Amino acid sequence: MTRIKDALDAVAAAVIARKDYLTSLDAKTGDGDHGLNMARGFRAAQEAVEEMDDTSQPGPVLQAVGKALIRNVGGAAGPLYGAGFVKAGEACDAETRLNVASIEKLLRAAIEAIQARGRAEKGDKTMLDVLIPIHDCFLPEHAEDKPLFEVLQEASKAAGEGVNYTKTIIARKGRASLVGERSIGIEDPGAVSSMIMYRALYQFLKR
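Per numbering that gives the first Met the number 0, residue 0 is the first one in the sequence shown, and the count goes up by one each step.
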């Protein structure tokens, strides 16, 4: 796992660049603050990591990012993403590398934390409708004998398909659930921000 801080900066830049779009999307079914909150959270995450003496290990960096998101992102997204990053950081160990197996392990830890915190599943029109399909691409039955970058690319495609899927279903969690069938046809903001984060990481790793 190299260039961890640079990877964070790439993800943060992508989220901040799309903050107005995320906010306008959230305004259709929620509080209209998702983009602003996420941008504030990732700026705080960058500051927290900047203050770290050692950013060479992914575990402490991911935990610092998660704690910054919990403290600085309002609404449901902060506790959910924050828990995901913290648990992914806790899942890191001496065997963690930039490979399919390690990415699968960290994604699994993050998703389990988000599911436990949000009590949501795939199909509820949340960030999980993107994160779970991304994770599925790294499972042995899908990734066996494939090079890492082929799996990363497939997961990027799966993220986009997950966002499109959220347009076809009714929101069952959060403020969006209050609008019922009127949420159909609208992408879930959390699903979109998950896609943005993953694709930013993917593009960074391709460089």
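Heads up, the beta-carbon is just placed ideally off N, CA and C, and yes, glycines get one too. Please read all numbers here as calculations on a predicted model, not as lab measurements.
Reduced DSSP secondary structure (H/G/I, E/B, other) of residue i
i    : result
G189 : helix
A11  : helix
N98  : coil
G34  : helix
A142 : helix
T167 : coil
T22  : helix
L177 : Here L177 scores only 49 on pLDDT, less than 50, and its place in the model should not be relied on; the value that follows carries that caveat. L177 falls in the helix class under three-state DSSP.
K156 : helix
Y201 : helix
K27  : coil
G184 : coil
A16  : helix
Spatially closest choice to residue i from the options, by CA coordinates
i    : options                : result
G184 : A63, T165, M194, Y20   : T165
S155 : M196, T167, E143       : M196
N98  : A26, R17, A142, D30    : A142
A93  : P78, Q56, K86, E120    : Q56
D52  : K4, K205, L127         : K4
K145 : L127, A100, R17        : A100
A26  : F203, D187, R206, K205 : D187
G159 : S193, L138, E120, P139 : S193
T95  : R17, G73, L61          : L61
K104 : D128, L138, Y20        : L138
V72  : I15, L127, L106, E49   : I15
T54  : K18, R2, G74           : R2
CB contact flag (residue i, residue j, <8 Å)
i    : j    : result
L200 : A6   : yes
G117 : I168 : no
V191 : V150 : no
T22  : G34  : yes
M37  : A90  : no
K86  : A63  : no
T125 : G189 : yes
I110 : L130 : yes
P59  : I69  : no
G65  : A43  : no
I133 : A157 : yes
A170 : T28  : yes
F148 : A9   : no
C136 : E120 : no
Q45  : A11  : yes
message: At 4 residues or longer, what runs of the alpha helix (DSSP H) sit wholly inside the segment 36-95?
response: Counting whole runs of 4 or more residues, the segment 36-95 contains the alpha helix (DSSP H) stretches 57-71, 76-90.
message: Give the list of continuous alpha helix (DSSP H) stretches no shorter than 4 residues that lie fully inside the segment 103-140.
response: Residue ranges of uninterrupted alpha helix (DSSP H) with 4 or more members, entirely inside the segment 103-140 and ordered along the chain, are 127-136.
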